[in-house]
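Participant:
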Amino acid sequence: MTAKTPAARLDTLRIRHFELIQKLAELGSMRRAAEAIHVSQPAASAMLKEAEARLGVALFHRHRTGVVPTAEAEPVLRRVRFLLGEVQGLTEDLLDSRRRRPLVRIGAVPHAMLGVMQEFAAHWSGKEGVRLRLEDGPTSALVEKLLRGDLDAIVAPLTPEAGTSFTSAVKSRPLYSESIVIAASVKNPLAKAKNVSLDDLEKADWVL
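For the sequence shown, counting from 1, position 104 maps to 102 in the numbering used here; every step adds exactly one.
#1: What first and last residue would you give for the alpha helix (DSSP H) that runs through R14?
#2: With DSSP run on the structure shown, which of helix, strand or coil describes A151?
#3: Give me the residue from A191, S175, T68 with the minimum Cα distance to A182.
#4: Decide if K21 is buried, meaning its Cβ has at least 16 other Cβ atoms within 10 Å, or exposed.
#5: Expressed to the nearest angstrom, what Euclidean distance is found between the alpha-carbon atoms of D91 and K143?
#6: Between which two residues does the alpha helix (DSSP H) containing L156 stretch?
#7: Does the Cβ-Cβ distance between A42 and A32 come in under 7 angstroms?
#8: Look up L101 in the DSSP assignment and give the residues it is bridged to.
#9: Who does D134 pair with in a DSSP beta bridge?
#10: Specify, as a first and last residue, the run of the beta strand (DSSP E) that R60 falls within.
#11: Count the other CB atoms, across all protein chains shown, that sit within 10 Å of the CB of L173; report buried if there are 16 or more and exposed otherwise.
#12: The alpha helix (DSSP H) that contains P187, what's its start and end?
#13: Given 8 angstroms as the limit, is there contact between the region 43 to 57 and the region 109 to 118, that is, 3 or more CB pairs closer than that?
#14: Between the Cα of L81 and those of V37, L11, V55, spot the shortest distance and give me the residue it belongs to.
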């Protein structure tokens, strides 16, 4: 009897297994992950056990409050995200009944969606040979998706939180500048002050 090769052990894994692994990492809950891929929680638990057995590693720590990826899961998750991204791209290509056109995936912060991205979408909507998909979200989430390969470009402020690893991994160029104005009621104590420091503003509560 010959031992199965690593590739042979993975033969029985399906796209569904990989979708479950990705959702567990994203949601941290077996129940929510099962709902996301439209299976029962017992079925999801069985699928995870099967995937772990085939891969030969424990992918998640089980806790009363949910699940957390193990250290061994990190390289698996990178491959799973890439694989599912390719599957999604293939699906979108096949659904394009007219002809294959490249898909450009762009993320933007919400206020950019209401401004520059409307003009961008209007410009490209009538162009032949290009499909455009827009997605909004906070800068941190957009940066993560860009580095992961889920987005092709983002329109967002380059805040310090993005980090040097991000700025060194991508090419960026300024599109436009904008001013931020703080508005307060005349009854607000800061409105009556002659001088307001940045520290004063940070201590106050504001709505963005």
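Note that beta-carbon positions come from the ideal geometry of N, C-alpha and C, so glycine has one too.
Facilitator: So, from the listed chains and residues:
#1: Per DSSP, R14 belongs to the alpha helix (DSSP H) from 13 to 25.
#2: In this structure, A151 counts as strand in the three-state DSSP scheme.
#3: Taking only the C-alpha atoms, the option nearest A182 is A191.
#4: Buried.
#5: Their Cα atoms are separated by approximately 21 angstroms.
#6: Under the DSSP assignment, L156 falls outside any alpha helix (DSSP H); it carries neither an H nor an E label.
#7: Taking 7 angstroms as the cut-off, the beta carbon of A42 is found closer than this to the beta carbon of A32.
#8: DSSP lists R129 as partners of L101.
#9: Its beta-bridge partners are A106.
#10: Bounds of the beta strand (DSSP E) holding R60 are 58 to 61.
#11: When all chains shown are included, L173 counts as exposed.
#12: 187 to 190 is the span of the alpha helix (DSSP H), which, as asked, contains P187.
#13: Counting Cβ pairs under 8 angstroms, fewer than three are found: no touch.
#14: Answer by Cα proximity: L11.
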